[in-house]
Amino acid sequence: MLNISCPFCGEREELEFTCGGEAHIARPLAENQITDAEFADYLFLRDNTKGVFLERWRHAAGCRRWFNMVRDTVSHEIIEIYPMGELPKSKQGKAAYEACWRRNTAAEAAAMPKKSRAKKGK
Amino acid sequence: MVKLKNIPGLSALSAAKASASPQPDGSKGMVVIRDTGLLDKINLRCQADNPVITKAVKRMVGTDLPTAANTFNQAGHRSIIWLGPDEWMIMAENGASDDITAELDTPEAGHVAVVNISDALGAVTIEGPHARDVLAKNCAIDFHPRAFTKGMAVQSLLSHAGVTILCLEDDKMMVIGRTSFMPYILDLLSDSSIEYGYDYQAA
Amino acid sequence: MFKSSSKNHSGGDMRLASGGRINRDKPLQFTFDGKTYGGYEGDTLASALIANGVHLVGRSFKYHRPRGIMTAGSEEPNALIRLGEGAKIEPNIRATQIELYPNLKSESQNRWPSLNFDLGAVNSVVARMLPAAFYYKTFMWPASMWMTYEHFIRKAAGLGKAATDHNDPDRYEKTNAHTDVLVVGGGASGLMAALSAGRAGARVILADEQNEFGGWLLSESDTTLDGHAADRWIADAVAELEAMDNVTMLKRTTVFGYMDHNYLTMMERVTDHLGETPKHMPRQKMWKIRAKHVVLAQGTHERPLVFGGNDRPGVMLSSAVRSYITRYGVAPGRRAVVVTNNDDAYRTALALVDAGVYLRAIIDMRPAPATPLVSEAMRRGINVYTSHALVDAEGTRHVGRAKVARINPKDGSITGDAFYLDCDLVAMSAGFTPIVNLHSQARGKLDWDDQQLCFRPSTYHEAAQCVGASNGIFDLGDAMADGAKAGAAAATAAGFKGSDAKAPQVDAPVQDYRPLALWKVVSDANPGAGPKAFIDFQNDVTASDIKLAVREGYHSVEHVKRYTTNGMATDQGKTSNINALGIIADQLDDKIPNVGTTTFRMPYTPASFGGIAGREIKGLFDPIRGTRMDQWHHDHGATFEHVGQWMRAWYYPQSGESMDDAVQREVKAARTTAGLLDASTLGKIDIRGKDAAEFLNRVYTNAWLKLPVGRCRYGLMLKDDGMVMDDGVTSRLGENHFHMTTTTGGAAGVLDWLEEWHQTEWPELEVYMTSVTEQWSVSTLSGPNAKKIMNKLGCSVPLDDENFPFMSFKDATLAGLPVRIFRISFTGELSYEINTPARLGLALWKNIMAAGEEFGITPYGTEAMHVLRAEKGFIIVGQETDGSVTPQDLGMDWIVSKKKDDYIGKRALERASMSLDNRKQLVGLVTENPKDIIPEGAHAVLDPNQPMPMEMLGQVTSSYYSPNLGKSIAMALLKGGHKMMGETVYFPMIDGQPPIKATITDTAFYDPKGEKING
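Residue numbers (our numbering), protein chains in the order written: chain E, 20 to 141; chain A, 47 to 249; chain H, 282 to 1296.
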C-alpha cells in the first residue's frame, strides 16, 4: 500500500485516496471540430504504462482535492506530486509528458481555444 | 423566524442508549465516550486571505482562520477546523449558527460559501489513557503522542466511515462524522474499547 | 539423567532431570489424539510430545507417510496439528509454535482412520505412479470427468480440516501503528538493533514470533556473553528496552507481510497461549505498520540433508535437537546419530553427550575437517566418521537404524560397504539459510555466497537492512555488532542521533561456517529406485520429483516450483528452497546463482482469517445508515431494503398482508388520498458562487442560466461519453445559490463528479459545492388530499397554484417547524417534498401523520415509490439505465439543449453511432394477460418459436402490477423500440411456462396528460 503525500494534508495511507487514472488528457473544446475517431482518442484511449506514468489522484477521505503524480508503476516510487493545472517538473516526469503520444493528437490540439493555441497542460 | 435552539431536536445519537463494559485488571483506565449532543457546525469555503472572512471569523469565533494543515483553533466553546486549502468548519454551541452565518455570509465577502451543516454531522468525545489506542484500531493516522498533538485535526477514515478527529487534550479526542454514520462509529469505538473497559454517556 | 529414572513422571519419560526454560513447578496435562500426557509450563506442544516419546504426529500431504517433529520453530513442515474443539477448532498449527496450556486438546491431521494405521498410506506403496505433477498429467482428460476427479482429489489431498461450526466465539483485533524503526526478530542481533535505535530516542517496535525474546541464544548452552550465561544478557537487554517509553516490545508476534513503502503486517497471538481467552481480550491482533526504517533480524533456517528416509519420525534438524535439550530440557532420543556436512552439528553432538544421550557417531560428509569443534568431539571420545554419508534412515513409524557408507565427497559416490547404526534419533544438518523471506517479499535482491552456500541479501528496494544471521553473518559477535550498527543507522535515517550499542564479549565455540558443497543424493539404489529422499516435506516433494521435472524440460526454477509444488503454499520453501536449487543446478550441470531462486510470497507463516477480518464482521462489516425517522419505521412494522449503505423502509405490511398486498395498498392510497414517503436519503448539494448557473449549465444537458429564483428544474447528467449518469431536481435559492438533489445511490458520486470537473477542468469558475444530504430530513407528502393536510398543519405560505406553482419552492413553517417545501413530484400526484433540519425530521413526520390520519394518510416505502413512478413512466437511473443509455434512448430528447455550446456528453452524443436506429430504446409494455408480470431482466423476442439461439431485442428494466390501472405494466430497452409502438413481442420463460405476450406502448401509463399534478 502506497504512502502518499497529499500536497495539502501531508503523508497519508493510500486507502484515503482514489486514483483518477492517466493525467493530462485535455478535453477538446466544443468550438473546435474534430472527427469521431479523433474524439475517441480523448474519450476512450488510456495508457497503461509500465514505468514512469503521470496520473491523477484525489485525497478522497481527506481534503477532497485533486493533484497530479509522477509514479513508477514498476517500483511504485512516487517521483513527484504537483498541482492540478501544472506540468511535471522532475526530469522523469517531463520526459514522460513529452513522450506521450497524445501530444500530437487532434484531440489535444482541439483543447486549446481557436485564437490562442498556446501550450497548456491540464 | 423560528429559532431552532428553542425547539427540542434530536442529536445524531439520540437513539443510542448509555452502555458500558467493565474495566479489566491491568487496564490503565476506562475509555469514556460521550455524545456531544446538538452542536452547531458551519462549513466555510473561501480563499484563505479573504480579509472580510478573516475578520468575521476573529469576531465570531474568537480566533484566527487556521491556515496550517491538520489544525484547529479554539476559543471557549467555539472552534474552527482546517479542512483544506479553501475549506474550514466552524463549531459552536447549539443555536449559534444563525448569528455566525449572518456575519460571514455578506455581499462584501465576495466568493464564499457559508453553509449550515449542524444537523449533517454528529460528534462524540473519547477520553482516557487508551483513547489513542482505540482510534488507532480503526484509523491509519499516526496517533502517537509525538505525532498527534493538542490542536491537531485530521480528516480520515474510521474503518469505513469518513471522520474528522480533533485532539482536544493529550488523552481526549473528538470524532466528528456524518449523522447517519454516528451509530456505526459509536459501535466501532465501544467495541474497540472492550479491551480496556468503557463507559458511553448519552448527551 | 532421564526423568524416568526419577520418581516424578509428570513431564514425560524423555524429560531431562534438570535444565531448560520450563517451569517444573507448573506441571500441565494435555491431550493428543485423545490420550492424556503431562508437560510443563514453558513447553511447546512439540517439546511436550517429545518429552513423552511421541514423535509420530501426522501423515504427509500426498503419500500419507508417517511424519514426526523435525524442527523447533515456525519452519516446521510436518507437525501440523488441529487444535481446539467445536467452533474454536483451528487446523494446521505448527506443534513447535503451540505453547502448552492446561487441558490443551490437540489432534493429528491427514490420517484415516488413525494416525498409526492410515489407509491413505497406500499412496506411498503406489508412489511410483504418483510422480511430480501426477494430477496435472492424469486428470487432464476428458474435461467432462474433471468434476469427478476433483471430488476424489479434494478428499485425498488437502491439509487439515477447518471448523464446521462457523460461530467463532473469539474476538480479533486489528490495529494500525507507525514507527521510526521496526525490528523483526528479537534474537541477539535484533535486540542489539533495538537497543541502538531505542537509546537514540527513535520510536521502535520490536516483534518476535516466540514467547520469549532471545532467539537461538535461548537454545545454546555453550555460549556466554560478558562472562555470563546468555539469558542474563537477554534479561538485561529486554528490561532496558521495556523501560523505554519509545519502544514497543511484542512477543508472539509474527511479521508475515512486507509491502510497498515499508508497510508491514504482523499477527500478534495475544491469548492463544492461555487456552481460555478472557472475554475482554482478543485472541489475536493484526498490526498494520508503516515504518520509516525496517531492520530484519530473522536469523536462519537450518537445512535438512537429503537422504533416503530423511522424513522418518526421529529424524530431526540438528539445531532443533539442541533446542529441545537446552531450551526445553527434553532428550529427543536415547541413541543418536548426528549426520552433517558442517561444523554446527558438532555442537549438537556435544549437547547430546552432555545430556546423557548415547551418541552412536557423527557422520561427517566432509573429507578431512580439522576445526576446533571436530577436535573437541574426538577428544571427548565421540566416533567421527568423515567422508561418510547417511544413505537411508530405516524404520517404519520411527527411525530404527541408520544406513551409513563411505563416500567420495567430491561426487557423492559410495566407495565402501554400507554399515548400520541402531538409533532412535538422527540429527541432521546441511548448513544454514539466512531467512530472507520478508526481504524478498519487499523485492530485495539476493547474492549467492559460495562459501557459506546460501543466498544473502544484496540490494534493497525499501528502506530496510537485514542484520546478523539473516544478513549471512553467522558469527555471534559479528552478528550482534551488525545489529547494533543497523539499529543506529535506522534511527539516524529517521532523524535521530544514533550510535551503535556496544556488543557484549562473546565466548562461544569457534566454528567453520562453510558446509560441504555436495548436492547429489547419496544412494546405493538404481536411478529412480531406492528410498524416498525429501526436499519439501510439507508438500511431499522428493529429490526424484525435482530431477524428473528437470528431465521433462522444466529448467526455470519458477516452473519447477509450480510443476512439483516445491516451496509453495504455507511452507514457502523455508527448509526446502536451497536443497531444491542445489539439485536443479546439479541436474543442469550449472551453478545455483545461475538457476536463481523463486520469490517468497506472503504470508511468512499462515495468518488467521479472524485476525485479518478483525472487528469488521457482522454488524460492523459495513456501516448501516438510517434516517432520523428510522425508529418510527421500525415501530410501524416496516420491512427494509438496502440502498447502498442506507437501509430504507421498503413497505409497511399490516397484519396478515403479503408484500404485494402492502405495496398495492400503499400505491392506491397515494393516488386516492395521501401517502407519505421518507425521502431523506436523496443526495443534496448546496452550490454557491457567481458561476454556479454556468456550472450547472455545463454539467446538465438542459439550460439553467434563466431559471428564476424560487423555481425548480429537473436535470439529467451525462458522463462525457454521452451516457446517463444521474438525475434530480435542482432549485434556485438565490441568484448565485442552488440546491441540487441527486439519486440516493448517486449522492457521493455526483458531488465527487462535480468537484472533479470544477477542480480539474474548469477551475476558473467561481463555485463551491457542499454536501447537505444529511442536513435535511425529507418527508414527501403526495396525493389528492396533500394540500388539505398541509393547510391543517398550518402551513405559513399560501398553497394555491398561482402563489406556489408546480416546480417551485417556499421557505415556510409547518406545524410550527421551519421547513423548505419543494412542489415537485415523482408520483405524478400533487406532491410536497418537505425539508426540515434533520434534528426535527421525526417531529415533522409524526405531525404530518397525525394531521393526515382523518384522510387515511398512508406511509409508503421504496417499493410503492417505484410502482408509482413507473405508472407515470418516470425512469430510475440505474434501473432503466446501465451506463450505455443516452437521453435519446430514454425518449428524453426534450431535456437535451440544442442551443448550448457545450455540456458534459454533448460531443459524444453527436457521434454517428449514437443515432443508429437499432440502439436499445426505452418503451412501455402492456401484457396481453393483465395479470402476467414479466420478470425484470426478461429478454424480448419477436417470434418465440424461432430456433435457438433466438434473436433478442432487449430486456425488461422495470415491471410491476399497477393497482391503479388494474393491469401489469413494464418498461424495457428494446432495439429500435421507439419505432415499434403497437407491435407485439414475446418473453420466453425459463421455467417451461409459455412465453408472455406483450404490446409495445408509450411509457406514460397513468395520467399521460399530467392532469393530477395540481391535485
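Quick reminder that beta carbons are idealized off the backbone N, C-alpha and C, glycines included.
A quick note: this is a predicted structure, and the numbers were derived from the prediction, not measured.
query: Using DSSP's beta-bridge definition, name the partner residues of glutamate 41 of chain E.; result: E:Glu74
query: Thinking just about the alpha-carbon of each residue, which of H:Thr456, H:Arg340, H:Pro308 and H:Ser355 is nearest to the one in leucine 385 of chain H?; result: H:Pro308
query: Could you give the C-beta distance for proline 738 of chain H and valine 717 of chain H, rounded to a whole number, given that I count them as a contact under 8 Å?; result: 6 Å
query: Helix or strand or just coil, what does DSSP make of alanine 62 of chain A?; result: coil
query: Based on the DSSP output, what are the partners of aspartate 941 of chain H in its beta bridges?; result: Paired residue(s): none; aspartate 941 of chain H is not in a bridge.
query: Please check if any C-beta of chain E sits within less than 8 Å of the C-beta of histidine 542 of chain H.; result: yes
query: Please confirm if the segment 939 to 951 of chain H is in contact with the segment 993 to 1000 of chain H, defined as three or more CB-CB distances below 8 Å between the two stretches.; result: no
query: Check each candidate in H:Gly315, H:Pro796 and H:Gly697 and name the one with the smallest Cα separation from aspartate 730 of chain H.; result: H:Pro796
query: Residues of chain A with CB under 9 Å from phenylalanine 36 of chain E, in chain order?; result: Ordered by position in chain A, no residue passes the 9 Å Cβ test against phenylalanine 36 of chain E, which lies about 11 Å from the chain.
query: In chain order, which continuous runs of the alpha helix (DSSP H) of length 4 or greater are located wholly inside the segment 166 to 208 of chain A?; result: 177 to 184
query: Give the straight-line distance between the Cα atoms of glutamine 1274 of chain H and aspartate 1213 of chain H, rounded to the nearest whole angstrom.; result: 11 Å
query: Between tryptophan 85 of chain E and chain H, is the shortest Cβ-Cβ distance under 8 Å, so that the two count as touching?; result: yes
query: Run the CB neighbour count on phenylalanine 63 of chain E, radius 10 Å, all protein chains shown included, and call it buried at 16 or more, exposed below.; result: exposed
query: What is the C-beta distance between alanine 1356 of chain H and phenylalanine 1268 of chain H, in whole angstroms, given that I count them as a contact (C-beta under 8 Å)?; result: Because chain H spans 282 through 1296 in this model, residue 1356 of chain H falls outside it and cannot be assessed.
query: Could you tell me the alpha carbon to alpha carbon distance between methionine 1195 of chain H and lysine 108 of chain E, rounded to whole angstroms?; result: 41 Å
query: On the CB-based measure, 16 or more other CB atoms within 10 Å of its CB, does alanine 137 of chain E come out buried or exposed?; result: In this predicted model, alanine 137 of chain E has a pLDDT of only 49, less than 50, meaning its place in the structure is not dependable; the value taken from the coordinates is given anyway. Exposed.
query: Step through the CB atoms of chain A and report whether any lies within less than 8 Å of the CB of glutamate 99 of chain E.; result: no
query: For glycine 753 of chain H and glutamine 733 of chain H, which I take to be in contact (beta-carbon distance under 8 Å), what is that distance rounded to the nearest angstrom?; result: 6 Å
query: If we ignore side chains and look at the alpha-carbon of each, how far apart do arginine 571 of chain H and alanine 520 of chain H end up?; result: 26 Å
query: Examine chain A for any beta-carbon lying closer than 8 Å to the beta-carbon of glutamate 105 of chain E, and answer yes or no.; result: no
query: Below 8 Å between beta carbons: does that hold for alanine 612 of chain H and leucine 297 of chain H?; result: yes
query: Could you give the uninterrupted runs of the alpha helix (DSSP H) lying entirely in the segment 936 to 1010 of chain H, keeping only those of 4 residues or more?; result: 940 to 953 and 973 to 980
query: Just curious, the alpha helix (DSSP H) that lysine 766 of chain H is in, first and last residue?; result: 757 to 774
query: What in chain A is Cβ-close to glycine 40 of chain E, meaning under 7 Å?; result: Per Cβ cutoff of 7 Å: no residues; glycine 40 of chain E is ~22 Å from chain A at best.
query: Whose C-alpha, out of E:Glu30, E:Asp55 and E:Lys133, is nearest the C-alpha of glycine 81 of chain E?; result: E:Glu30
query: Could you check if glutamate 127 of chain E belongs to the surroundings of the ligand GTP, using beta carbon to heavy atom distance under 7 Å?; result: For the structure depicted, the ligand GTP is absent and the ligand set is empty, with no information on it obtainable.
query: Looking only at its own chain, which residues have a Cβ that is under 6 Å from the Cβ of aspartate 399 of chain H, when we skip the five neighbours before and after it?; result: Arg340, His345 and Arg392
query: At 7 Å on the CB atoms, spell out the chain E contacts of glycine 108 of chain A, in chain order.; result: Within chain E, no residue comes near glycine 108 of chain A; the closest Cβ sits about 25 Å away, beyond 7 Å.
query: Please classify leucine 498 of chain H as buried or exposed, where buried requires at least 16 other C-beta atoms within 10 Å of its C-beta.; result: buried
query: Hey, is the segment 82 to 98 of chain A in contact with the segment 167 to 177 of chain A, meaning 3+ C-beta pairs nearer than 8 Å?; result: yes
query: Would you decide whether isoleucine 898 of chain H is buried or exposed? Buried here means 16 or more other CB atoms lie within 10 Å of its CB.; result: exposed
query: Answer yes or no: does any C-beta atom of chain H fall closer than 8 Å to that of phenylalanine 72 of chain E?; result: no
query: Given glycine 108 of chain A, which residues of its chain have a CB within under 7 Å of its CB, disregarding the five upstream and five downstream residues?; result: Ala121, Gly122 and Arg124
query: Measuring CA to CA, which of H:Gly1030, H:Val551, H:Gly467 and H:Asn333 is closest to leucine 522 of chain H?; result: H:Gly467
query: Which word fits arginine 77 of chain E, buried or exposed, when buried means at least 16 other C-beta atoms lie within 10 angstroms of its C-beta?; result: buried
query: Determine the extent of the alpha helix (DSSP H) in which threonine 581 of chain H is found, giving its start and end residues.; result: Not the alpha helix (DSSP H): threonine 581 of chain H falls in the beta strand (DSSP E), residues 581 to 583.
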